[in-house]
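Student: The listed protein sequences derive, respectively, from chains H and C. Using numbering that gives the first Met the number 0, the final residue of the first sequence is 148, and nothing's skipped along the way. Using numbering that gives the first Met the number 0, the final residue of the second sequence is 148, and nothing's skipped along the way. Quick reminder that beta carbons are idealized off the backbone N, C-alpha and C, glycines included. Would you mind keeping the following structure in view while I ask a few things?
There are 2 protein chains.
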Amino acid sequence: MTHAFLPVLRELAEAYQAFEAYSSAHIRTLDLTPPQFDIIATLGNTTGMPLKELGEKTLITKGTLTGVVDRLTDKKLVQRIASPSDGRSQIVQLTPQGEALFAQIFPAHLGYMALAFTELSAQDLVSMENNLSRLRTAFMAARAGKEQA
Amino acid sequence: MTHAFLPVLRELAEAYQAFEAYSSAHIRTLDLTPPQFDIIATLGNTTGMPLKELGEKTLITKGTLTGVVDRLTDKKLVQRIASPSDGRSQIVQLTPQGEALFAQIFPAHLGYMALAFTELSAQDLVSMENNLSRLRTAFMAARAGKEQA
DNA sequence: TATTGTTATACTCTATAACTATA
DNA sequence: TATAGTTATAGAGTATAACAATA
């Protein structure tokens with residue numbers, strides 16, 4: 000049995016691309032890019048967080064994150080404030096406009112995504128969640144193994 | 000039960016990102032980008048194909064594809080030849096150097112990817128493949144539903 | 001010395017549309 | 001008229017490294 004994992008890789012890539020295509024079609028109608036939406040969604044219902052933490056949650060590296068946050072600042076959706084506890088740190092938070100946008104589009108986006116799941120049972124969802132979690136763990140373990148080698 | 004699908008979306012995104020991070024770490028050591036590797040892998044063991052077909056298989060749109068193929072041509076890894084049957088069509092194929100590179104790196108990449116699957120059983124793989132296929136189908140059906148609406 | 005964030009560089013990909021040359 | 005591919009445009013994300021301010 001050689002490379003029986005190949006169909007899994009192919010299906011993973013295709014499932015993700017189908018998700019991404021479906022999701023981003025909606026996001027682009029909101030005049031946001033997927034990374035910008037990710038940041039708005041991450042900052043929603045919080046009082047803000049340092050750029051470092053925002054980068055960890057969205058998997059955007061710091062050099063890139065500065066640019067994405069700049070563009071959201073130009074749109075008046077987020078703002079930077081100095082951290083009270085660390086002079087090196089900038090806290091990013093939604094502006095009132097950003098909060099209003101979040102309150103409007105986040106539920107709408109969930110409703111849009113829900114349309115894709117109407118044919119799947121609760122059992123299906125649990126099974127998928129477990130399988131995907133194991134897959135993620137497998138890649139992370141392999142990467143960690145490579146690092147120490 | 001509201002939005003029970005959300006963990007599935009999160010796990011899908013994280014599993015894909017873990018896969019992408021692991022896979023592309025190897026690809027970058029080969030001095031290729033992921034789209035470039037995708038093209039080399041698609042052209043390997045073929046006699047070439049029109050840009051249109053290459054775009055369909057790699058999910059790269061035609062305007063972008065011209066640029067990616069240009070960069071691979073600069074590296075002497077692929078070449079364009081005129082289609083014998085359709086004067087509008089260009090066929091892209093690996094050069095001898097491209098074929099040599101494919102023969103060298105494709106098995107190496109499979110071996111690298113296999114390291115991530117050592118802990119998963121054949122049953123696991125079948126289950127994952129089925130779940131991912133259903134997920135992809137769900138997104139594609141939702142997108143098709145939106146289009147006709 | 002180490003860390004947070006910005007800046008700079010150079011590239012790669014993306015979306016979109018206009019354009020050409022064939023069909 | 002429609003299709004294959006190129007070109008043009010403008011943006012947006014990526015990797016990387018050097019840098020300033022602060023810890």
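Would you please verify whether the beta carbon of H/Leu131 is less than 7 angstroms from any beta carbon of chain C?
Tutor: Working through the first sequence from its first residue, we reach residue 131 of chain H at position 132. So yes, H/Leu131 belongs to the interface.
Student: Please identify the residue among C/Met48, C/Glu52, C/Leu109 whose C-alpha is closest to the C-alpha of C/Ile90.
Tutor: One-based indexing of the second sequence puts residue 90 of chain C at position 91. The candidate whose alpha carbon is nearest that of C/Ile90 is C/Met48.
Student: How big is the Cα-Cα spacing for C/Ala45 and C/His108?
Tutor: On the second sequence, residue 45 of chain C is found 46 positions in, with the first residue counted as 1. On the second sequence, residue 108 of chain C is found 109 positions in, with the first residue counted as 1. In the sequence on display, residue 45 of chain C carries Thr and not Ala. Between C/Thr45 and C/His108, the C-alpha separation is close to 19 angstroms.
Student: Whole angstroms is fine: what's the gap from C/Arg133's alpha carbon to H/Leu114's?
Tutor: For the purposes of this step, residue 133 of chain C is taken as the residue at position 134 of the second sequence. For the purposes of this step, residue 114 of chain H is taken as the residue at position 115 of the first sequence. Linking C/Arg133 to H/Leu114 through their CA atoms gives a straight-line distance of about 14 angstroms.
Student: From the DSSP output, in three-state form, read off H/Ala3 for me.
Tutor: Along the first sequence, read from residue 1 onward, the residue named residue 3 of chain H stands at position 4. Three-state result, H/Ala3: coil.
Student: Does the CB of H/Ala2 have a neighbour CB from chain C at under 7 angstroms?
Tutor: Taking the first sequence and counting its residues from 1, the one referred to as residue 2 of chain H is at position 3. In the sequence under discussion, the amino acid at residue 2 of chain H is His, which differs from the Ala named in the question. Cβ-Cβ to chain C under 7 angstroms: yes for H/His2.
Student: Hey, is C/Leu64's beta-carbon within less than 7 angstroms of any beta-carbon in chain H?
Tutor: One-based indexing of the second sequence puts residue 64 of chain C at position 65. Judged by the 7 angstroms Cβ criterion, C/Leu64 is not in contact with chain H.
Student: Mapping DSSP to helix, strand and coil, what is H/Ile59?
Tutor: Counting from one through the first sequence, the residue named residue 59 of chain H turns up at place 60. Three-state DSSP puts H/Ile59 in coil, outside helix and strand.
Student: Taking a cut of 7 angstroms between CB atoms, which residues from the segment 80-113 of chain H lie near chain C?
Tutor: Taking 7 angstroms as the Cβ-Cβ cut-off against chain C, the residues of the segment 80-113 of chain H that qualify are Leu109, Met112, Ala113.
Student: Going along chain C in order, which residues have a C-beta closer than 8 angstroms to the C-beta of H/Glu10?
Tutor: Position 11 of the first sequence, counting from 1, holds the residue named residue 10 of chain H. In chain order: Met127, Glu128, Leu131, Ser132, Arg135.
Student: Mind listing the chain C neighbours of H/Ala17? Cutoff is C-beta to C-beta under 7 angstroms, in chain order.
Tutor: As a first step, residue 17 of chain H is located in the first sequence; it is residue number 18 there, counting from the start. Arg135, Phe138, Met139, listed in chain order.
Student: Pick helix, strand or coil for H/Arg79, following the three-state DSSP scheme.
Tutor: Mapped onto the first sequence, residue 79 of chain H falls at position 80. If DSSP states are grouped into helix, strand and coil, H/Arg79 belongs with the strands.
Student: Determine the chain C residues that contact H/Ala40 at a beta-carbon separation under 7 angstroms, and present them in chain order.
Tutor: What you label residue 40 of chain H is simply residue 41 of the first sequence in a count that begins at 1. Close partners of H/Ala40 in chain C (Cβ separation under 7 angstroms) are lacking, with about 11 angstroms as the shortest Cβ gap.
Student: Along the beta strand (DSSP E) that carries C/Leu93, what are the first and last residues, could you check?
Tutor: Taking the second sequence and counting its residues from 1, the one referred to as residue 93 of chain C is at position 94. First-last of the beta strand (DSSP E) with C/Leu93: 89-93.
Student: For the alpha helix (DSSP H) containing C/Thr151, list its first residue and its last residue.
Tutor: This structure leaves residue 151 of chain C out entirely; chain C is present only between 0 and 148.
Student: DSSP state of H/Asp123, grouped into three classes?
Tutor: Counting from 1 along the first sequence, the entry for residue 123 of chain H is found at position 124. Three-state result, H/Asp123: helix.
Student: Give me the Cβ distance between C/Gly97 and C/Val67, rounded to the nearest whole Å; I'm assuming they're in contact under 8 angstroms.
Tutor: In the second sequence, residue 97 of chain C corresponds to position 98, counting from 1. In the second sequence, residue 67 of chain C corresponds to position 68, counting from 1. Incorrect: roughly 14 angstroms between the Cβ atoms, too far for contact.
Student: When we look at the beta-carbon of H/Ala14 and count the other beta-carbons within 10 Å, is it buried (16 or more) or exposed?
Tutor: The sequence position of residue 14 of chain H within the first sequence is 15, counting from 1. H/Ala14 is buried by the Cβ-count criterion.
Student: Using the beta-carbon of each residue, which ones in chain C are nearer than 7 angstroms to H/Phe36?
Tutor: For the purposes of this step, residue 36 of chain H is identified with residue 37 of the first sequence, where counting begins at 1. The premise fails here: H/Phe36 is roughly 12 angstroms from chain C at the closest Cβ pair, so nothing lies under 7 angstroms.
Student: Whole angstroms is fine: what's the gap from H/Thr136's alpha carbon to H/Glu52's?
Tutor: Mapped onto the first sequence, residue 136 of chain H falls at position 137. Mapped onto the first sequence, residue 52 of chain H falls at position 53. Whole-angstrom Cα-Cα distance: 22 angstroms.
Student: List, in order along the chain, the chain C residues whose C-beta lies closer than 9 angstroms to that of H/Leu119?
Tutor: Within the first sequence, the letter at position 120 stands for residue 119 of chain H. Within chain C, the residues near H/Leu119 are Phe4, Val7, Arg133, Leu134, Ala137.
Student: With distances taken between CB atoms, is the gap from H/Pro33 to H/Ser23 smaller than 7 angstroms?
Tutor: Translated into the one-based positions of the first sequence, residue 33 of chain H becomes position 34. Translated into the one-based positions of the first sequence, residue 23 of chain H becomes position 24. Yes; because the gap between Cβ atoms is below 7 angstroms, this pair is in contact.
Student: CB-CB under 6 angstroms to C/Ser88, same chain, minus the five flanking residues each way: which ones, in chain order?
Tutor: Residue numbering aside, residue 88 of chain C sits at position 89 when the second sequence is read from its first letter. So the list reads Pro49, Ser82, once near-sequence residues are dropped.
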